[in-house]
Amino acid sequence: MILTPLFRQHLQQARNFRTNAAVISTKDVFKQKQKYLTEALRAGKFLKEDPSEAKKEKPVNPLSDPGSMDAIFGMAKGNMANFIPQTVIMWWVNYFFAGFVIMKLPFPLTIRFKSMLQNSIMTSDLDVRWVSSISWYFVNLMGLKSVYSLILQDNSLVDKMMAAQQQQGQPNISMPGGPTMDKMMKGEAENVQIVEFRSCLDGIEERLFKRFEISV
Amino acid sequence: MSAIRKDFSVTYKANIVANINTFHHIHDLTSLVLGSSSGILQLESYHGLIYFLVTNIIVTLAFFVVILSGNLKLIPKYYEKGLPGLVFEGLSRSLAGFFMMWCLTTALIST
Chain A
1 MILTPLFRQH LQQARNFRTN AAVISTKDVF KQKQKYLTEA LRAGKFLKED PSEAKKEKPV
61 NPLSDPGSMD AIFGMAKGNM ANFIPQTVIM WWVNYFFAGF VIMKLPFPLT IRFKSMLQNS
121 IMTSDLDVRW VSSISWYFVN LMGLKSVYSL ILQDNSLVDK MMAAQQQQGQ PNISMPGGPT
181 MDKMMKGEAE NVQIVEFRSC LDGIEERLFK RFEISV
Chain B
1 MSAIRKDFSV TYKANIVANI NTFHHIHDLT SLVLGSSSGI LQLESYHGLI YFLVTNIIVT
61 LAFFVVILSG NLKLIPKYYE KGLPGLVFEG LSRSLAGFFM MWCLTTALIS T
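This is the structure:
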């Protein structure tokens, strides 16, 4: 069975219902929503195919499905785009600045770092605090993260979060032997069914008095 | 994830992420500035490390006093982390930036 993002949205709807049950105004509305979600999820209303039919099919190999192939290659490309430039820059720094001492670190290091930080400098007695370019590269690799987050910061973070939650392009690779969507929906239906209605307005007067320390 | 608490309030992931982002922003900025200052002061080895620890803890305390108005009970609710977790996150976040600016300014000034 192929999972489409629509299925995930219905599961998310049920989860949101459970989270926000306390702010539903009346018990009738709550019961109505609960009944609808439980029945729909249990009956497999949101599923593309009938779950009993889908069971007969063999689990599809994710590599044979062109949609999930694209998703897998997309992930692989994202990873490659991250580490290939790093490797290339590191090689370039190491090659181009070989044999130069570029800076003195403000803190002493043990002699073990010598071979790593004074790569290709042929002086055996030089203090480890004098380092070559590759260590400055490493320091930058770690430290520039905070500079990036300061420069590239934008205020629409919350919007981004919301967009990421509703993202359509998520790879939907169903692993053979993993939980199928109808099982997940049945489980969610049970979760929805056991939610007890406790309104956020229950005992609001006492809480209000308590908060503002008014004795009745 | 979001959960219903005793006081019936509901927390949302996006809000917590925004709160943590504020915390990170302050630590990013202060780590760079304090790293440069320790380089300008020509601090070396343990002095620089102690300077880092002390200033970072001062920054975190100032964050609690100014942003949270000293209300430390709100930390688990707004950050999904305890007080030690938040202090440790501040330290580990600013470590790399501090060391980078420390190395850079030390090297620039001493040459």
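Same order as they appear, the protein sequences are chains A and B.
Here the UniProt record's numbering is used: the first residue of the first sequence is 1, the next is one more, and so on.
Here the UniProt record's numbering is used: the first residue of the second sequence is 1, the next is one more, and so on.
No residue lacks a Cβ here, since even glycine has one placed at the ideal position from N, Cα and C.
Remember, it's a predicted structure, so these values are computed and weren't measured experimentally.
- Collapsing the DSSP output to three states places Met122 (chain A) in coil.
- In chain order, Leu95, Ala96, Gly97, Phe99 and Met100 make up the part of chain B whose C-beta sits under 9 Å from the C-beta of Met142 (chain A).
- For the region 56 to 89 of chain B, there are no residues whose beta carbon sits under 8 Å from a beta carbon of chain A.
- DSSP places Ile40 (chain B) outside any beta strand (DSSP E); the residue lies instead in the alpha helix (DSSP H), whose first and last residues are Lys13 to Ile40.
- For the region 20 to 46 of chain B, the set of residues with a beta-carbon nearer than 9 Å to any beta-carbon of chain A comprises Asn21, His24, His25, His27, Asp28, Leu29, Ser31, Leu32, Gly35, Ser38, Gly39, Gln42, Leu43, Glu44, Ser45 and Tyr46, in chain order.
- By the neighbour-count definition (other C-beta atoms within 10 Å, threshold 16), Val65 (chain B) is an exposed residue.
- Thr106 (chain B) has a beta carbon lying within less than 7 Å of a beta carbon in chain A.
- Taking CB atoms only, Pro85 (chain A) has no neighbour in chain B less than 7 Å away.
- Closer than 7 Å to the CB of Ser146 (chain A) there is at least one CB belonging to chain B.
- For Ser132 (chain A), the beta-bridge partners assigned by DSSP are A:Val101.
- Residues Val87 and Gly90 of the same chain have their beta carbon placed closer than 6 Å to that of Thr60 (chain B), with the five preceding and five following residues left out of the count.
- Not a single C-beta of chain B is nearer than 7 Å to the C-beta of Met69 (chain A).
- The Cβ atoms of Met101 (chain B) and Ser45 (chain B) do not sit closer than 7 Å to each other.
- Per DSSP, Thr38 (chain A) is one residue of the alpha helix (DSSP H) stretching across Lys27 to Arg42.
- In the DSSP assignment, Lys114 (chain A) falls within the alpha helix (DSSP H) that extends over Lys114 to Leu117.
- By the CB criterion at 7 Å, Ile134 (chain A) and Asn94 (chain A) fall inside the cutoff.
- Counting only residues of its own chain and dropping the five nearest sequence neighbours on each side, Val192 (chain A) has a CB closer than 8 Å to the CB of Ala14, Phe17, Arg18, Gln34, Leu37, Thr38 and Leu41.
- Secondary structure at Ser69 (chain B): coil, using DSSP grouped into helix, strand and coil.
- Annotation: Cβ neighbours of Leu150 (chain A) in chain B (cutoff 8 Å, chain order): His25, Asp28, Leu29 and Leu32.
- At a cut-off of 7 Å between beta-carbon atoms, Met103 (chain A) makes contact with chain B.
- Per DSSP, reduced to three states, the secondary structure at Arg211 (chain A) is helical.
- Val139 (chain A) belongs to the set of residues whose beta carbon lies under 7 Å from a beta carbon in chain B.
- Secondary structure of Val139 (chain A) (DSSP, three-state): helix.
- Closer than 9 Å at the C-beta level to chain B, one finds these residues of the region 18 to 31 of chain A: Arg18, Thr19, Asn20, Ala21, Ala22 and Val23.
- About 5 Å separates the CB atoms of Trp130 (chain A) and Lys104 (chain A); that is less than 8 Å, so the two are in contact.
- Using beta-carbon distances, Phe107 (chain A) counts as an interface residue toward chain B, with a partner under 7 Å.
- Proximity of the region 24 to 40 of chain B to the region 92 to 99 of chain B meets the contact definition, three or more beta-carbon pairs being nearer than 8 Å.
- Its Cα nearest to that of Leu152 (chain A), the residue B:Asp28 stands out among B:Asp28, B:Ile67 and B:Ser69.
- In this structure, A:Tyr148 is the residue among A:Asp28, A:Tyr148 and A:Asn140 with its C-alpha nearest to the C-alpha of His25 (chain B).
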